[in-house]
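Here is the structure we will look at.
2 protein chains.
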Amino acid sequence: MREVGCPEEDLFSFLLSRRQEDLGYRNILSSMCTPPHPVAARAHAMFLETNLGDPGLFPGTAALEELLVERLGTLMHFPKAGGYATSGGTESNIQAFRIAKKQKPVKSPNVVVPASSHFSFQKACDILGLEARTVPLDSEFRMDTEALDGLVDKNTVCIVGVVGTTEYGVVDPIASLSDVAEDRDVFLHVDAAFGGMVVPFLDRPVPFDFRLPGVASVSVDPHKMGMSTIPAGCLLVRNPEHFSCLNVDTPYLTVKRECTLAGTRPGASVAAAVAVLEYLGMDGMRAVVAGCMENARRLIDGMETLGYPRAVTPDVNVATFSCDRVPAGWRVSRTRNGHMRIVCMPHVTRDVIENFLKDMSDTNA
Amino acid sequence: MREVGCPEEDLFSFLLSRRQEDLGYRNILSSMCTPPHPVAARAHAMFLETNLGDPGLFPGTAALEELLVERLGTLMHFPKAGGYATSGGTESNIQAFRIAKKQKPVKSPNVVVPASSHFSFQKACDILGLEARTVPLDSEFRMDTEALDGLVDKNTVCIVGVVGTTEYGVVDPIASLSDVAEDRDVFLHVDAAFGGMVVPFLDRPVPFDFRLPGVASVSVDPHKMGMSTIPAGCLLVRNPEHFSCLNVDTPYLTVKRECTLAGTRPGASVAAAVAVLEYLGMDGMRAVVAGCMENARRLIDGMETLGYPRAVTPDVNVATFSCDRVPAGWRVSRTRNGHMRIVCMPHVTRDVIENFLKDMSDTNA
């Protein structure tokens, strides 16, 4: 550390210069995050100093967390779902596995996850000492449910399905997973970190949530398509009592126990998540999602016209292509299979898509 | 969710009404958090949309995270320490245990922690399948090192020492722990979540950090005495290569692997943490800490004058008393032993202390 402090003006010109080294979201086509909605930023600032780790000190903020859980629970067709605001999908997935593992204490527990599942499940398995059994995908990158049943055994504590896979933006056949979960009496966790804020707002949403009787928990991230600030994840569970197995005693706080992974937790991003949902409502979210889906379709059409076929027709706003080139100045990403991957987030507007296609067309020439 | 969105004005009057249900920090004497320093709030806003989960998109913000680690490493007398910004002390403690466990693969691993350790270590043990062996405390609530050696065995993967205990604000004899850790070849993790931003700024700081050869990792939270925004923790390790055992592959990101627990991670609170350190410098932090320590001493003197003896003379700015009463309107907390506990954070100014003592005196009458 420097011995003497830095004048505020010098400090902020230094910070600004660093900030300017970051890419602008305008050219980022690879991220599942997006600049927060203006009402998210405003709500975040209003709640900046709040700490949900000691909710008795911040009962108003804690009420907003309850409201967030209720709103998302209702969106997932189960208003009475239990839940709390996590630091994001990784914490949600770890906590779902912890619950599932405690529900079925076996000597060598395993979990059955699709090959498409997010790398956070690897972390969760490593941490919790769970064997990961990987279900292969079908030709459209969804879990091959034919293969699922054979991988489940008496030591399987959890099955995972994904709603809006990170790489290809497809939705696993959750209804079939729910049947298997019921038949085999296994905890089913749905990772809807991305798709949970997309699918419910589509014209014909496929059921993936608590409407399916086998679904025990759902992860959904307001800091992705919910346009909230980071960190804002949410874990929802059908049986709120399941959280009690995670409780530790919390002497010297205003509450006697807590089930969360983190202790100190920001209230700001929770208020931001609530603000966006309340401000937009179902209608507003439908409009945002419709725009993103329309842009994804336009991108796919445009790329195919240029001779770059889609890898798959996605269920959510993630577009993938057989295409090795990238025009200068754009940040796309690659799937493990080598496909070009573009996430049509709200900041990836129609203008951005057209500019990208124009640059692709020039590259092509 | 509501069908139609809520007008912005109505939304923010609703959010404000919730915010007003929260307690003001002015009357919160029980928290290890504090309102962020103004430069922290300003830096936070500047970096609100950044995501350290994909550092290649935000190289300027990632450089600030490196700067934070370097500054804190230097403060802990080891500028070459490895590290990253965590979501707080719980993640730091979990990650330290993960590293320690992987360094010594034994069948039934245990960790040796003082009875005073934070409840996050219970979570970490539960998650990681570690047996927790609790070292009793001496009469001043520090780890009884006489008892330590007998608890360490060939299955001990980690010893924990605390710098600034949550309940009594004392510092474990880390030098002795370091000796045991070296003798017995065990990983020593120092939980300095609170004290790491206090002890280095005292007039006569006791060594607790990488100067002691047995110390392998240190947790320190800028969102506590570092006056940053939430969430801002930091895990530092002596051997940066230790992080590689936590790596998972991260296809479709700008980096190929990551060792952090969370995926998406806020850059805003990291920029905020850097801003405070740079703005205040060693001199400024010494002044803040001196003020808090002076206030703690004044509070102890005042309480003892009123007939409420201290439970212990603390090493950091946490004051504890034999006192069953609390004047109306104040939020203090209780240790597990029933002592009144007051954390003299920067927002607990001399005026606040005097007002509290006045109210205590009225209660007394």
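So the protein lines, in turn, are chains A and B. First residue of the first sequence? That's 1 in the UniProt record's numbering, and the numbers climb one at a time after it. First residue of the second sequence? That's 1 in the UniProt record's numbering, and the numbers climb one at a time after it. From the three backbone atoms N, C-alpha and C, an ideal C-beta is built for every residue, glycine too.
Cβ of residue 33/B less than 9 Å from any chain A Cβ?
-> Answer yes: the Cβ-Cβ gap between residue 33/B and chain A drops below 9 Å somewhere.
Any Cβ of chain A within less than 9 Å of the Cβ of residue 292/B?
-> So no, residue 292/B is outside the interface.
Positions along the region 84 to 114 of chain B whose CB lies within less than 8 Å of some CB in chain A | For the region 84 to 114 of chain B, the beta-carbon criterion of a distance under 8 Å to any beta-carbon of chain A is satisfied by 87, 88, 89, 90, 91, 94 and 98.
Cβ of residue 236/B within 9 Å of any chain A Cβ = No, because no Cβ of chain A sits closer than 9 Å to the Cβ of residue 236/B.
Taking the alpha-carbon positions, what's the residue 305/A to residue 323/A distance?
-> About 13 Å.
DSSP-derived helix/strand/coil call for residue 188/B | Residue 188/B: strand per DSSP, three-state reduction.
Bridge partners of residue 258/A, per DSSP?
-> According to DSSP, residue 258/A bridges with 248/A.
Close-in-space but distant-in-sequence residues of the same chain around residue 42/B (CB under 8 Å, 5 per side omitted) = Here the set comprises 275.
Tell me, please, whether the CB atom of residue 5/A is closer than 9 Å to any CB atom in chain B?
-> At least one C-beta of chain B is nearer than 9 Å to the C-beta of residue 5/A.
Start and end of the beta strand (DSSP E) containing residue 219/B?
-> Segment 215 to 220, the beta strand (DSSP E) holding residue 219/B.
Reduced DSSP secondary structure (H/G/I, E/B, other) of residue 115/B = Residue state for residue 115/B is assigned as coil, using DSSP reduced to three classes.
Endpoints, beta strand (DSSP E) assigned at residue 42/B = Boundaries for residue 42/B: no beta strand (DSSP E) harbours it, while the alpha helix (DSSP H) harbouring it runs 38 to 46, taken from the DSSP string.
Got a sec: is the Cβ-Cβ distance from residue 308/B to anything in chain A below 9 Å?
-> Chain A places no beta carbon closer than 9 Å to that of residue 308/B, leaving this residue out of the contacts.
Beta-carbon separation of residue 341/A and residue 84/A under 9 Å?
-> No, they are not a contact pair.
Please list the partners that residue 195/B has in chain A, where partner means a Cβ-to-Cβ separation under 7 Å.
-> The contacting residues do not exist; residue 195/B stays about 16 Å from chain A at best.
Have a look at the DSSP bridge pairing and note the partners of residue 51/A.
-> Within the DSSP bridge table, the entry for residue 51/A names 266/A as partners.
Name the residues in the region 37 to 49 of chain A whose C-beta lies less than 8 Å from a C-beta of chain B; which are they?
-> Listed by position along the chain: 39, 41, 42, 43, 44, 45, 46, 47, 48 and 49.
Any chance the region 30 to 47 of chain B sits against the region 355 to 362 of chain B, with 3 or more Cβ pairs inside 8 Å?
-> Put simply, the region 30 to 47 of chain B does not touch the region 355 to 362 of chain B. Fewer than three CB pairs are less than 8 Å apart.
Throw me the rounded Cβ distance for the residue 51/A and residue 108/A pair, which I believe falls under 8 Å.
-> Contact between residue 51/A and residue 108/A is ruled out by a C-beta separation of about 39 Å, above the 8 Å threshold.
Quick one: list the residues of chain B neighbouring residue 119/A, beta-carbon separation under 7 Å, in chain order.
-> Under the 7 Å cutoff, chain B gives 248, 249 and 250.
What residue range is occupied by the uninterrupted beta strand (DSSP E) comprising residue 131/B?
-> Its beta strand (DSSP E) spans residues 131 to 135.
Can you list the residues of chain B that residue 166/A reaches, using a CB-CB cut of under 7 Å?
-> What residue 166/A touches in chain B: 252.
Does any C-beta atom of chain A lie closer than 9 Å to the C-beta of residue 54/B?
-> Yes - at least one Cβ of chain A is within 9 Å of the one on residue 54/B.
Following the continuous beta strand (DSSP E) through residue 235/B, name the residue where it begins and the one where it ends.
-> Residue range 233 to 237 is occupied by the beta strand (DSSP E) that includes residue 235/B.
Cβ of residue 189/B within 9 Å of any chain A Cβ | False, the Cβ-Cβ gap to chain A never drops below 9 Å.
With residue 125/B as the anchor, note down where its alpha helix (DSSP H) starts and where it stops.
-> Note, residue 125/B: alpha helix (DSSP H), 120 to 128.
Determine whether the Cβ of residue 185/A lies closer than 9 Å to any Cβ atom of chain B.
-> By the rule that beta-carbons nearer than 9 Å mark a contact, residue 185/A does not touch chain B.
Inter-residue Cα distance where the pair is residue 224/A and residue 199/B | Looking at the two C-alpha atoms, the distance is approximately 39 Å.
Within 9 Å, strictly: CB atoms of residue 252/A and residue 30/B = At the C-beta level, residue 252/A and residue 30/B come within 9 Å of one another.
Which bits of chain B does residue 13/A rub up against, with CB to CB less than 9 Å?
-> Within chain B, no C-beta atom comes less than 9 Å from the C-beta of residue 13/A; the nearest is roughly 11 Å away.
Going by alpha carbons, who is nearest to residue 233/B out of 65/B, 23/B, 37/B and 59/B?
-> Ranking 65/B, 23/B, 37/B and 59/B by Cα distance to residue 233/B puts 65/B first.
Leaving out the 5 sequence neighbours to the left and right, which residues in its chain are closer than 7 Å to residue 390/A when beta-carbon positions are compared?
-> Here chain A covers residues 1 to 365 and nothing more, so residue 390/A does not appear.
Locate the beta strand (DSSP E) running through residue 159/A, then write down its first and last residues.
-> Residue 159/A -> beta strand (DSSP E) spans 156 to 162.
Run the CB neighbour count on residue 101/B, radius 10 Å, all protein chains shown included, and call it buried at 16 or more, exposed below.
-> Buried is the call here.
CB contact check: residue 217/A to chain B, cutoff 9 Å | Not one chain B Cβ lies under 9 Å of residue 217/A.
Might you give, ordered along the chain, the residues of its own chain that have their beta carbon closer than 6 Å to the beta carbon of residue 258/B, omitting 5 neighbours on each side?
-> Excluding positions up to five away in sequence, the list reads 250.
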